[in-house]
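Novice:
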Amino acid sequence: MSDTQQNIIVIVGPTASGKSAHGITQAEKHDGVIINADSMQVYRDLPILTAQPSDEDLEAAPHKLYSILDGTVKCNAQQWTDMARAEIEACFADKKTPILVGGTGFYLKSLMEGLSPIPDVPDDIRDMSNALLEMIGAPALHAIVSAQDPEMGKQLEKNDSQRLAHAWAVYETTGKPLSHWQNLPRVGPPENWHFNVIRILPERDTLKKRIESRFDQMLEGNVMDEVIALHERIEDGDIDETAGIIVAHGFRALRNYHLGKIDLSEARHIGISDTKKYAKRQFTWFKNQIKNTKNITLTETLP
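Numbering (our numbering), first residue to last: 434 to 736.
#1: At which residues does the alpha helix (DSSP H) containing G704 begin and terminate?
#2: What three-state label does DSSP hand G683 in the structure shown?
#3: In chain order, what residues of the same chain lie with their CB nearer than 6 Å to the CB of H463, ignoring the 5 residues before and after it?
#4: Which residues in the same chain as L697 place their Cβ atom closer than 7 Å to its Cβ, once the five residues preceding and following it in sequence are excluded?
#5: Between P552 and A510, what straight-line distance do the alpha-carbon atoms span, to the nearest angstrom?
#6: Could you pull the DSSP bridge partners for P531 from this structure?
#7: Among K727, Q581, V630, L652, which residue has its Cα nearest to the Cα of N624?
#8: Tell me whether the beta-carbon of I631 lies closer than 8 Å to the beta-carbon of T734.
#9: Measuring alpha carbon to alpha carbon, tell me which residue in D560, K452, A571, D478 is nearest H664.
#10: Apart from the five residues just before and just after F648, which ones in its own chain have a Cβ nearer than 8 Å to its Cβ?
#11: Compute the Euclidean distance between the alpha carbons of D582 and T675, then round it to the nearest angstrom.
#12: By how many angstroms is the C-alpha of Q715 removed from the C-alpha of N721?
#13: Between which two residues does the alpha helix (DSSP H) carrying R559 extend?
#14: Can you list, in chain order, the stretches of the alpha helix (DSSP H) that have 4 or more residues and sit fully within the region 434-488?
#15: In this structure, does DSSP put T639 in helix, strand or coil?
#16: So for T505, helix, strand or coil by DSSP?
#17: Where do the N-terminal and C-terminal ends of the beta strand (DSSP E) with L731 fall, by residue?
#18: Reducing DSSP to helix, strand and coil, say where R766 ends up.
#19: My output table needs one value for N655: the three-state DSSP class, helix, strand or coil.
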């Protein structure tokens with residue numbers, strides 16, 4: 434491997450902060466390729482609700498890892514990191530600048546700092562964990578995981594169904610708690626990769642208004658068509674209730690509106706409120722978790 438430094442641009446920030454537009458600006462400036470770093474935007478099922486790039490965006494710059502997986506596929510940090518590394522290597526081979534854009538902090542941290550060597554979970558045990566989750570519910574599974582792995586029990590919220598199921602499955606597979614594997618030395622990126630991180634943290638009031646405006650634009654568009662289509666896949670048994678795409682912010686509220694359980698005003702309120710809470714968590718995470726290191730240079734910009 435060459436010792437020559439290879440630069441990667443990383444644009445991070447909370448949802449609706451203007452990352453996508455800034456990514457296109459950087460791609461035009463540096464002859465770059467935009468690589469998705471958002472856990473929901475890898476899925477094809479809800480492109481409007483997950484704010485995936487528009488046709489105009491796709492024409493302005495090459496985009497990778499968007500809308501590549503069916504909703505039935507589970508995607509985790511290790512899988513995304515593997516895909517992102519492949520796209521980054523392809524950029525370097527083509528003499529293009531890789532530009533990672535997204536708000537899933539754990540994915541980005543996994544790429545930049547490395548992942549612990551957690552063993553793969555066999556499909557049959559993964560199915561068992563999902564069946565157990567469906568049978569007893571997330572709070573009860575949280576109690577089981579907490580008994581097996583007190584450290585992980587403190588980290589995970591009682592309704593974090595996917596990560597609880599994964600923690601249970603890892604323990605069932607290896608006989609050791611997930612925290613044991615996470616505390617092992619991490620496998621990091623090549624030493625000559627350098628990440629130039631651009632952090633976008635708008636004023637909180639500005640961000641709240643952006644979230645409201647974007648959700649209203651989705652409602653004015655065809656977002657209900659894709660919500661109904663995904664609901665029908667769930668009803669047909671094609672996608673189960675534990676699928677990753679189901680947790681996209683706003684989906685459950687708009688699905689309940691479609692089913693007549695709530696009116697549109699309430700669905701809008703819930704969708705916007707959930708998104709604001711998520712943005713607040715992202716804001717705090719990116720403010721505290723991304724630091725200057727030997728291979729990470731951090732700068733800030735306004736949207």
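Glycine included, C-beta positions come from ideal geometry on N, C-alpha and C. Bear in mind the structure is a predicted one, so any value in this text is a computation, not a measurement.
Specialist: Short version:
#1: From DSSP, the alpha helix (DSSP H) with G704 extends over 697-722.
#2: Here G683 sits in coil by DSSP.
#3: T530.
#4: Contacts found: Y690.
#5: Between P552 and A510, the C-alpha separation is close to 13 Å.
#6: Partner(s): V466.
#7: Reading off the sequence shown, one finds Glu at residue 624, where the question assumed Asn. Here the closest residue by C-alpha is K727.
#8: Yes, the pair counts as a contact, with Cβ atoms nearer than the cut-off.
#9: The shortest CA-to-CA distance from H664 to any of D560, K452, A571, D478 is the one to D478.
#10: Excluding its 5 nearest sequence neighbours in each direction, F648 has C-beta neighbours in its own chain below 8 Å: G683, R701, G704, I705, T708, listed in chain order.
#11: If you take the alpha carbons of D582 and T675, they lie about 22 Å apart.
#12: Rounded to whole angstroms, N721 and Q715 show a C-alpha spacing of 10 Å.
#13: R559 -> alpha helix (DSSP H) spans 556-569.
#14: Fully enclosed alpha helix (DSSP H) runs of 4 or longer: 452-463.
#15: Three-state result, T639: helix.
#16: In this structure, T505 counts as coil in the three-state DSSP scheme.
#17: From DSSP, the beta strand (DSSP E) with L731 extends over 729-734.
#18: One cannot answer for residue 766 here, as it falls past the ends of the chain, which runs 434 to 736.
#19: Coil.
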